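Data block below; observations after.
Number of protein chains: 4
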Amino acid sequence: MNSLGSIFKVTSFGESHSAMVGCVLEGVPAGLVLDIEKIQQAVDKRKTNQTNFSSTRNEEDVVEMVSGVFEQKTLGTPICILIKNKDARSQDYDSLKQVYRPSHADYTYEQKYGFRDHRGGGRSSFRITAPLVAAGEIAHQFIQHYFSIEVNAYVSQIGTVALPENETLHWSDIDKNEFRCPHAATALKMQALVEETRLAGDTLGGVISCQIKNMPVGIGEPIFGKLNAQLAQAMMSINTVKGFEYGDGFANAALKGSESNDLFEFVDGKMKTKSNHSGGIQGGISNGEDVFFRVAFKPISSIQQPQETLNQANEKQTVHINGRHDVCAVPRAVPVVIAYANMVLADLLLHSKIKKS
Amino acid sequence: MNSLGSIFKVTSFGESHSAMVGCVLEGVPAGLVLDIEKIQQAVDKRKTNQTNFSSTRNEEDVVEMVSGVFEQKTLGTPICILIKNKDARSQDYDSLKQVYRPSHADYTYEQKYGFRDHRGGGRSSFRITAPLVAAGEIAHQFIQHYFSIEVNAYVSQIGTVALPENETLHWSDIDKNEFRCPHAATALKMQALVEETRLAGDTLGGVISCQIKNMPVGIGEPIFGKLNAQLAQAMMSINTVKGFEYGDGFANAALKGSESNDLFEFVDGKMKTKSNHSGGIQGGISNGEDVFFRVAFKPISSIQQPQETLNQANEKQTVHINGRHDVCAVPRAVPVVIAYANMVLADLLLHSKIKKS
Amino acid sequence: MNSLGSIFKVTSFGESHSAMVGCVLEGVPAGLVLDIEKIQQAVDKRKTNQTNFSSTRNEEDVVEMVSGVFEQKTLGTPICILIKNKDARSQDYDSLKQVYRPSHADYTYEQKYGFRDHRGGGRSSFRITAPLVAAGEIAHQFIQHYFSIEVNAYVSQIGTVALPENETLHWSDIDKNEFRCPHAATALKMQALVEETRLAGDTLGGVISCQIKNMPVGIGEPIFGKLNAQLAQAMMSINTVKGFEYGDGFANAALKGSESNDLFEFVDGKMKTKSNHSGGIQGGISNGEDVFFRVAFKPISSIQQPQETLNQANEKQTVHINGRHDVCAVPRAVPVVIAYANMVLADLLLHSKIKKS
Amino acid sequence: MNSLGSIFKVTSFGESHSAMVGCVLEGVPAGLVLDIEKIQQAVDKRKTNQTNFSSTRNEEDVVEMVSGVFEQKTLGTPICILIKNKDARSQDYDSLKQVYRPSHADYTYEQKYGFRDHRGGGRSSFRITAPLVAAGEIAHQFIQHYFSIEVNAYVSQIGTVALPENETLHWSDIDKNEFRCPHAATALKMQALVEETRLAGDTLGGVISCQIKNMPVGIGEPIFGKLNAQLAQAMMSINTVKGFEYGDGFANAALKGSESNDLFEFVDGKMKTKSNHSGGIQGGISNGEDVFFRVAFKPISSIQQPQETLNQANEKQTVHINGRHDVCAVPRAVPVVIAYANMVLADLLLHSKIKKS
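Here the protein sequences come in this chain order: A, B, C and D. Using this note's numbering, the first residue of the first sequence is number 606, and each one after it goes up by one. Using this note's numbering, the first residue of the second sequence is number 606, and each one after it goes up by one. Using this note's numbering, the first residue of the third sequence is number 606, and each one after it goes up by one. Using this note's numbering, the first residue of the fourth sequence is number 606, and each one after it goes up by one.
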């Protein structure tokens, strides 16, 4: 279950400290001219950066496409994407060999497989998303070739600091701060909270909001391949994600039908809805309105405080996690959310084409 | 994309007004003695019942297993489950042939396929979950044969009425009221709200909470087959679901790492965690604690009030939905949530077995 | 592994003596007007008929499509096809409950599943191909709607009687005799051989040749989805099939490259090859020439002579197979070969469309 | 369709002249200690060697496993296998850029994808089997860990020179000559034929026979996942394969049921069959006898003689294929046949385990 999609299909491989992380991308139509530079840029966006709130590792993350592309054009054959793991200071992790870090996947992986690569997160590391972001950017370029669909995401909450409601947001403001929050005042509050939390050796979670504009009508496959079901599965596979909702989401449970129904209207020669409680999806299929969803992340579990835990011999032990870790990984997850959404769309668009043509 | 699971795999078919709804269930091991009566009972639980809050249709929903079972034992071959659609009063729907009901899937299906069965919800009807509940009960019986895992679910919110926090709940109380809410005082409030809403010709959404006890450690498949990702996809495929969260869910975004980490302890010869913010899942794999998740449902869109909408000719039209419809379908979705959770577990258990043996 | 195809996908279910045999067909585009009569006719062609060479059972095999079709048009949703098993005289098989018929699947099924439906072949019966022939006819109608591809097959050998080489054959002659052999003189010899074999209580195998005309170029998916690989898998899944070859097949092994290469020529504005040793496939992809393949069938194992065998207690026993069985099932397999070829093509055409558009 | 298997699953990528060829192998259970040396040896066996009958390219083919293996043990996570394409003298192929070599995949690939990597065979090259042989050897090591199954293959025919019938053959003789033919006298005749053909600038096909000993009973999945169907699909995906047969194969078509039935006997406490016309498979499931199948290869199409063909402008052109090409690739395909058979078995064994435990 290392794959996402069925026609536009990506298969992930790699551990945080194996020689490489990578993926194989199938189903990209032949003859697509790739913008290699943009693929690298997308991956760079999820890298650990030099700001205070995230890890100081220098991950170069050079994307190599070793098959499926010839003279910058896709061949229609599988594209293998490789990123070398250059920074394997595995001795950093020696003290963790026998111990289970709280709320990490150490214990569950070891119980499942009877054996694990204790250096860093292994297969459960956030690092494995790097080549998938490259694949997502290829999905994006494929989509842009045929459609005007645009996917973007931003951080709407870090810890207890959330965007005020009903603010008008502009995509152009997202990258104006390191928190990828398109609201300057909120970003300042986030900065204060992150700094305070960093000093306390603690960590923060948050929420990413994602918006898809210019959706064509009719994308999504009943029953288990609903657009919302596919997005939920994809987002839930990102590290530390705890919740997914679309449209009005959990808040919708408290509304009445008369409040949450989206009435149709005919505007400028197009069928539209007056409101968008549905988040652009009805019966699992896009209705042409903007798709909107939110993804909740828990704080990362590698806090810089001593924690009581158990080792493999079931003995109590205090664990100090000394590696270089983020205070809040949510802003780094923004390009991952965008990438996965693009891959889900690319796959469903290819499915829909079949049905409609 | 009519299938859930890859080893224990169900494929759904049928429309609300086709001759039958059904499914094919593959991967059930041979030699399992089925309790046919309990399969019928599970399906009966999701039927429309005679209470005020739900539709008064008399759906008999007799489960027929026409293959894969011989002398009540599974053959290891595909089990086809059929339920006849007896009550096809399609003239009820004639007035809806040309019109798009607000927040229904009428418009999206027609745009996607260029053609739809306008009688009721067609493929997007809640009715198609009936045979899937039967399949889920087979999953349950398979699981019970090998494990002591128990799955249950209940209604924790209807409209604005929610269970009080930190109440001790007992599974035995779930079925004591028609709302499947294991808290008598809350159920009474739900009843009042439903009655009031029914008189207003309006509808209600809600939240279902699901708990899985006695989980073995190690269930869930990285990366895209995480236990939480599979559950999210399955739940998101249920009609009117708008959100999914597990463990602390969206609330986890506001906690610090030091607050949300679950510390290990060794109790009674077993590795346990002191808290369960994780909802029993770490790195997508069960850690042996109870799995806990919540599913948000929007109110059903068939309200009994006139609504403005458009017809196929893009003309304004007032629609009156006269069929027999539920005020709140959430309690009827409880057996569906249980069934889908059991199917996800059955599939992942079969996957895990391979890895561990 | 009850499915064939991935976009145009059929999932088989049923045993020879379960209530029904059937299949679920996914991926048929919406809005296709089905010729229901022709679907029934295709299934009738594989029925046991009244002639001497085949069983005298009266299988009515009425095809029911209980979902996915509305007013004779496909909805784009799964089509469930059911055929009732009317003639379940299971007492005919009581004597076979404890005994393993030679070269039947009794022993292997029982060893695999620890339990089997001893009445007839169960899941291994030729009967399960009936609904698949219906699905294949739907594939045929889908293909005909978009392409001029035509698939046909005929019996080229029964036992030791084979078509003479280099005869010009006409498809219109295939159904002129009960052997589906488009060569009258050969059919007469087949008749003599079948009659003689029937009297001896013995059975016969044979070879079916299949030809696909008007193939578009570019159909087939590298690497494991080659047109020839998909055809081979499909044909090998038909009961009693022992071999598959395409183009010059096994004879090609003895040729030199200079003898077996197909040289290109440009004729009437089209790229053609002067010869067709390749059987219309190069690198797993159709080249526009006729596709040609042959399928070898062993004689069916239910001979009317006493045979020594073992029972479940590993004791020697003489088995008399008294049921009504064919002398030679090969002519009845002709519509199955055609149906499976059509399904393989339908799936690959849908795959190819994606790549090319 | 770059994948083989569903639990033990390999996904192929790479072109003959891309940076690398490789594959991702999923489903290998965790904790398996790999013999890395043997993996390299298996790949070396399919390399072009220095003998007269095959190409003189010096392909080093160093196998790198860049994920899924830690301290020589499998992690239960995907194993990515890479082999660099060192010898990319693409100018050798410049003259072939606009021309379609007869019976190559040049024309079909270009028609399918509208664009191709003209350097060598691209995706259709035999070279892409190299990492798959490594994956097959991992399958072999997995199988050997749990079972005593042994797979071997040999060349039974080259051109018109075939093994005499009814010879007793010994596996230990297979590698005694460069033709991988376990019969010295026949190998000498093959040598003479190859030498003569090389001088004539021509090429040769042949037949590989494969035998699987110590098969457990019950391996194979009805209906479309029959052991024979899976083997056929896998073998058909190897370059230049034209036919597949198992047991008595095409010859079985001419036998009577009384001649081809395999009667059971009880020998040394085991159920056996007196003969093995079935090739160890009944109803698609192994019966415990040796599995035996044969694979027919056409001669490779790159002959060293001038050939008339067409170019992209549909103009006649004489093509001289000057690269370094094999006279007969069949001996080099022996390790590929073994590898693919091992992968099919590994996958089906994992499927069977589920059913039986």
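Glycine included, every Cβ here is placed at the ideal spot set by N, Cα and C. Source: prediction; values computed, not measured.
| query | result |
| --- | --- |
| Beta-carbon within less than 7 angstroms of Gln749 (chain C)'s beta-carbon, same chain only, minus the 5 sequence neighbours each way: which residues are those? | none |
| Taking all protein chains shown into account, do 16 or more other C-beta atoms lie within 10 angstroms of the C-beta of Phe613 (chain D), making it buried, or fewer, making it exposed? | buried |
| Does the contact criterion of 3 or more C-beta pairs under 8 angstroms hold for the stretch 784-804 of chain B versus the stretch 930-940 of chain B? | yes |
| Please classify Asn857 (chain B): does DSSP put it in a helix, a strand, or coil? | helix |
| Can you check whether the C-beta of Thr682 (chain D) is within less than 9 angstroms of a C-beta belonging to chain B? | yes |
| Cβ of Val949 (chain D) less than 9 angstroms from any chain C Cβ? | no |
| On the three-state DSSP scale, how would you describe Gln910 (chain A)? | coil |
| So does the stretch 899-906 of chain B actually touch the stretch 939-955 of chain A, counting three or more Cβ pairs closer than 8 angstroms? | no |
| For the stretch 733-801 of chain C, list the beta strand (DSSP E) runs that are entirely contained and at least 3 residues long, ordered along the chain. | 755-763 |
| In terms of residue numbering, what span does the beta strand (DSSP E) encompassing Val648 (chain B) cover? | Val648 (chain B) -> not in any beta strand (DSSP E); alpha helix (DSSP H) instead, spanning 641-650. |
| Is the separation between the beta-carbon of Lys861 (chain C) and that of Ala792 (chain D) shorter than 9 angstroms? | no |
| Let me make sure I understand the geometry here. Which of D:Glu864, D:Lys781, D:Gly854, D:Ser700 has the alpha-carbon closest to that of Val760 (chain D)? | D:Lys781 |
| For chain A, is any of its Cβ atoms less than 9 angstroms away from the one on Ile824 (chain C)? | no |
| Compare the C-beta of Phe827 (chain D) against all C-beta atoms of chain B and say whether one is closer than 9 angstroms. | Before going on, a small fix: residue 827 (chain D) reads as Pro here, not Phe. Yes, Pro827 (chain D) counts as interfacial toward chain B. |
| Please classify Tyr705 (chain A): does DSSP put it in a helix, a strand, or coil? | coil |
| Got a sec: is the Cβ-Cβ distance from Asp853 (chain C) to anything in chain D below 9 angstroms? | yes |
| In the DSSP assignment, find the beta strand (DSSP E) that holds Ala805 (chain C) and state where it starts and stops. | Note, Ala805 (chain C): premise wrong, no beta strand (DSSP E); not H, not E. |
| Is the Cβ of Ile905 (chain C) closer than 9 angstroms to any Cβ of chain A? | no |
| Identify which residue in B:Gly627, B:Val638, B:Glu631, B:Asp711 has its Cα closest to the Cα of Ile890 (chain A). | B:Asp711 |
| Can you pull the chain C neighbours of Glu913 (chain D), defined as C-beta to C-beta under 7 angstroms? | Leu868 |
| Helix, strand or coil for Phe720 (chain B)? Go by DSSP, reduced to three states. | coil |
| Would you say Thr679 (chain A) and Pro707 (chain A) are within 9 angstroms of each other, going by their C-beta atoms? | no |
| For Lys960 (chain C), is the classification buried or exposed, using 16 other Cβ atoms within 10 angstroms of its Cβ as the cut-off for buried? | Confidence in Lys960 (chain C) is poor, its pLDDT being 41 and thus under 50, which makes the residue's placement too unreliable to answer from. |
| Taking Cβ-Cβ distances shorter than 8 angstroms, what residues in chain B pair up with His678 (chain C)? | The question names His, yet the displayed sequence has Lys at residue 678 (chain C). Phe720, listed in chain order. |
| Does DSSP put Gln655 (chain A) in a helix, in a strand, or in coil? | Unreliable positioning characterises Gln655 (chain A) in this predicted model, as indicated by a pLDDT of 44, which lies under 50. The coordinate reading is nonetheless provided below. Three-state result, Gln655 (chain A): coil. |
| For Lys963 (chain A) and Gly888 (chain D), I'd like the C-alpha separation in whole angstroms. | Because chain A here runs from 606 to 962, residue 963 (chain A) falls outside it and cannot be looked at. |
| Tell me, which residues are paired with Ser891 (chain A) by DSSP? | A:Ile886 |
| Here's a check: name, in chain order, each residue in its chain whose Cβ is nearer than 8 angstroms to the Cβ of Phe871 (chain A), leaving out the five neighbours to either side. | Lys877 |
| Val667 (chain A) to His622 (chain D), Cα distance in whole Å? | 21 angstroms |
| DSSP state of Thr713 (chain B), grouped into three classes? | helix |
| Note down, in chain order, every chain D residue with its Cβ under 8 angstroms from the Cβ of Phe731 (chain C). | Simply none; closest approach about 11 angstroms. |
| Going straight from the alpha carbon of Pro911 (chain A) to that of Ser863 (chain B), what length do you get? | 10 angstroms |
| Output needed for Lys744 (chain A): all residues of its chain with C-beta closer than 6 angstroms, excluding positions within five of it in sequence on either side, in chain order. | According to the sequence as given, residue 744 (chain A) is Ala; it is not Lys. So the list reads Asn947, Met948, Ala951, once near-sequence residues are dropped. |
| Buried or exposed for His882 (chain B), please, with buried defined as at least 16 other CB atoms from any protein chain shown within 10 angstroms of its CB. | buried |
| Could you check whether Lys879 (chain C) and Asp867 (chain C) sit closer than 9 angstroms to each other, using their CB atoms as the reference points? | yes |
| Could you tell me the distance, in whole angstroms, from the CA atom of Ala758 (chain B) to the CA atom of Glu850 (chain A)? | 20 angstroms |
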